[in-house]
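Line by line, the protein sequences give chains V and X. In short: position in the first sequence from 1, add 178, done, that's the numbering used here. In short: position in the second sequence from 1, add 178, done, that's the numbering used here. Glycine included, each C-beta is placed from N, C-alpha and C at the ideal position.
2 protein chains.
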Amino acid sequence: MNSVNPKIAIVGSGAIGSYYGCRLANTGADVRFLLRSDLDAVRSSGRMRVQLPQSEIVVAAPQVYGTPEEIGPCDLVIIALKTTANGVFDKLIRPLLKEGTLLLTLQNGLGSDEQLAELFGAERVLGGLCFICVNRTAPGEILCIEPGAVAFGEFGRPISERLRAVVALFERAGVKCSASDNLAELRWKKLVWNVPFNGLAIAAGGITTDKILASPELENQVRALMAEVIEAAAKFGYVIPPAFIEKQISSTRPMGPYRPSSLIDYLDGREVEVESIWGEPLRRAKKAGAAVPRLEMLYALLKRLTMRSQ
Amino acid sequence: MNSVNPKIAIVGSGAIGSYYGCRLANTGADVRFLLRSDLDAVRSSGRMRVQLPQSEIVVAAPQVYGTPEEIGPCDLVIIALKTTANGVFDKLIRPLLKEGTLLLTLQNGLGSDEQLAELFGAERVLGGLCFICVNRTAPGEILCIEPGAVAFGEFGRPISERLRAVVALFERAGVKCSASDNLAELRWKKLVWNVPFNGLAIAAGGITTDKILASPELENQVRALMAEVIEAAAKFGYVIPPAFIEKQISSTRPMGPYRPSSLIDYLDGREVEVESIWGEPLRRAKKAGAAVPRLEMLYALLKRLTMRSQ
Chain V
179 MNSVNPKIAI VGSGAIGSYY GCRLANTGAD VRFLLRSDLD AVRSSGRMRV
229 QLPQSEIVVA APQVYGTPEE IGPCDLVIIA LKTTANGVFD KLIRPLLKEG
279 TLLLTLQNGL GSDEQLAELF GAERVLGGLC FICVNRTAPG EILCIEPGAV
329 AFGEFGRPIS ERLRAVVALF ERAGVKCSAS DNLAELRWKK LVWNVPFNGL
379 AIAAGGITTD KILASPELEN QVRALMAEVI EAAAKFGYVI PPAFIEKQIS
429 STRPMGPYRP SSLIDYLDGR EVEVESIWGE PLRRAKKAGA AVPRLEMLYA
479 LLKRLTMRSQ
Chain X
179 MNSVNPKIAI VGSGAIGSYY GCRLANTGAD VRFLLRSDLD AVRSSGRMRV
229 QLPQSEIVVA APQVYGTPEE IGPCDLVIIA LKTTANGVFD KLIRPLLKEG
279 TLLLTLQNGL GSDEQLAELF GAERVLGGLC FICVNRTAPG EILCIEPGAV
329 AFGEFGRPIS ERLRAVVALF ERAGVKCSAS DNLAELRWKK LVWNVPFNGL
379 AIAAGGITTD KILASPELEN QVRALMAEVI EAAAKFGYVI PPAFIEKQIS
429 STRPMGPYRP SSLIDYLDGR EVEVESIWGE PLRRAKKAGA AVPRLEMLYA
479 LLKRLTMRSQ
């Protein structure tokens, strides 16, 4: 990240990857998109487009590629794959590496940081948690309903100069950013919301967050699941105050008939990130001796409900 | 039950009620069926029929009625309504009472004994737990796949002479019977199976018991839910040995793709007995101080999944 104009690869050009990639490209950054199913369509349209609540960003002639070899070594690789695709890390990322290449994962849940560290070296890994509402509506077409913010952190290290440089890059692209000395704590904190709402939305029959909160019994399960996640996080020294629970519930209420990302995946018949959002947190919680009976049952139900061939 | 040929009413002539009613009528007992939607069809066909695994019972010209007033006071009232219909107890049962009328509920779960006792006097109430696989395939047509057995008990009292008389009546009708000094313990014991299997069959997406046991995670939840029910029962002094869990699981495995009764109701769009199988046990367990987090979550999910208008 010492380059004046760093070469950036976007691996996983779904909604999240395309959105940040387009915003960065829009500021003149050298952004290379790795595409798969959308490659031909974007090549022939010759553009990618982000619709924002009040404006739009059009990237004319985006640099799109079908293989990481064509992109070659980069300064920064932004990873926005679904965690269900983490098995392709080695194949897709290795060709993008050189000395000092940074890997920024914008993926959900737990596990990606460690998998990237294991494969490519812990010293390369940064993480960003996206609080955003964005959908891919067609190849190269991204609809952003709520731009939200990104919380950045180093993997297992405090904020560094290079992290600040990445944050500055995103800020120049108009993204609201924050940085934390504790990426893992950020991840657990995000799970406090994702575990109950993403999970119960599926397990209770494919319902939006307002319907979850309209049931006193399910609202109690939201609280109880949040308390389990907080208890598990505490076992690792991440202290999330219990008042966080009420704050999360009261900020969810005005969201109305909101469809958590996992529910959208589920209803559209796409893979759900069951392992990174429920499986890995469950395994870590149990290993650390936390009592997480509801998380365990929710995971068992979700694993079965999202099975590909029944 | 002192009569030589007691007058028996069947309230709730679905699969269970019709099955035992026909078996009793087949031995010459004076059985009066209270019908609703099937009344005209059975009147015009002039028969009710039970298909057994190796034979069939045909009751020609069954005594069928549309109102309890037409039946009038009975010696024994056999109640086989869905527990979701318990709100009609007073209307349907009061006209069938005289001094000494016995009320035998063959209903599932917890709560019916107490509701009958509250309305009509605890001294009238007997219970029977049906371990049977039986379906109503058309008006007056009953298909019995597995005749199983009935376990009888007095409500809150040890085995009595009159209970023995009821058991004898069923035995003469070819029903395998047992009697217990502890009806409530029998009910909790039956819940050890019903709570996990009926519940997870619905919550895991409408799956049969073999699919539940094919998932190691769900099988673990079966065990954990069974342990919660056993813990709750223990709070009331009903001691169910932990070995009962393995016995239940290993007897379920050879049942193959079995659809628990609640799953059949759910898939057919009929009301599910959520309160008697999960709600009432949950409320009693919590009141008694048992830790039942999984039962609580399962109840919350089932209550929402079986909501009539979503």
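Given a threshold of 16 other Cβ atoms within 10 Å of its Cβ, counted over all protein chains shown, does residue i qualify as buried or as exposed?
i         : result
ARG272(X) : exposed
GLU474(V) : buried
THR245(V) : exposed
PRO419(V) : exposed
GLN399(V) : buried
GLN488(V) : Unreliable placement is indicated for GLN488(V), whose pLDDT of 41 sits below 50; the coordinate value is still reported in the next sentence. Under this definition GLN488(V) is an exposed residue.
VAL303(V) : buried
LEU445(X) : exposed
SER454(X) : buried
GLN232(X) : exposed
LYS352(X) : What sits at residue 352(X) in the sequence shown is Gly, not Lys. Exposed, by the Cβ-count rule.
GLU406(X) : buried
SER429(X) : exposed
ASP216(V) : buried
THR279(X) : buried
LYS354(X) : exposed
LEU476(X) : buried
ALA316(V) : exposed
THR205(X) : exposed
GLY331(V) : buried
ARG225(X) : exposed
VAL209(V) : buried
If you measure from the beta carbon of residue i to each beta carbon in chain V, is any gap under 7 angstroms?
i         : result
MET404(X) : no
ARG461(X) : no
GLN129(X) : Residue 129(X) falls outside the range modelled here, since chain X spans only 179 to 488, and no answer is possible.
GLY383(X) : yes
ALA478(X) : yes
GLU395(X) : yes
MET226(X) : no
LYS413(X) : no
Since residue i sits in a beta bridge, which residues does DSSP pair it with?
i         : result
VAL189(X) : LEU212(X) and ILE257(X)
ILE235(X) : VAL228(X)
THR283(V) : ILE257(V) and GLY305(V)
ALA468(V) : Partner(s): none; ALA468(V) has no beta bridge.
ARG314(V) : ILE320(V)
VAL328(V) : CYS308(V) and CYS355(V)
Identify whether residue i lies in helix, strand or coil by the three-state DSSP scheme.
i         : result
ARG335(X) : strand
ASN376(X) : helix
GLN488(V) : Residue placement at GLN488(V) is flagged as unreliable, the pLDDT there being 41, under the threshold of 50; a coordinate-derived value is accordingly withheld.
ARG448(V) : coil
ILE385(V) : coil
LEU270(X) : helix
TYR243(V) : strand
GLY434(X) : coil
ASN183(X) : coil
PRO394(X) : helix
TYR416(X) : coil
LYS425(X) : helix
ASP360(V) : Just to set this straight, residue 360(V) is Asn in the shown sequence, not Asp. In this structure, ASN360(V) counts as coil in the three-state DSSP scheme.
GLY457(X) : helix
ALA219(X) : helix
THR262(V) : helix
ALA207(X) : coil
Please check the pair residue i and residue j, which I expect to be a contact at CB under 8 angstroms, by giving their CB distance rounded to whole angstroms.
i         : j         : result
LEU270(V) : CYS252(V) : Contact doesn't hold; Cβ gap of about 12 angstroms is too wide.
SER358(V) : ALA327(V) : That belief does not hold up - the Cβ atoms of SER358(V) and ALA327(V) are roughly 12 angstroms apart, past 8 angstroms.
ARG227(X) : GLU319(X) : 6 angstroms
GLY287(X) : GLU458(X) : 6 angstroms
ALA468(X) : LYS413(X) : 5 angstroms
ALA207(V) : LEU347(V) : 7 angstroms
For a cutoff of 7 angstroms on Cβ pairs, would you count residue i as touching chain B?
i         : result
PRO435(X) : The structure shown contains no chain B; the protein chains it does contain are V and X.
Flag residue i as yes if its beta-carbon sits less than 7 angstroms from any beta-carbon of chain X, otherwise no.
i         : result
PRO471(V) : yes
LYS481(V) : yes
Is residue i near the ligand FMN, going by C-beta to nearest heavy atom under 6 angstroms?
i         : result
LEU341(X) : Absence of the ligand FMN is noted for the structure shown, with no ligands found whatsoever.
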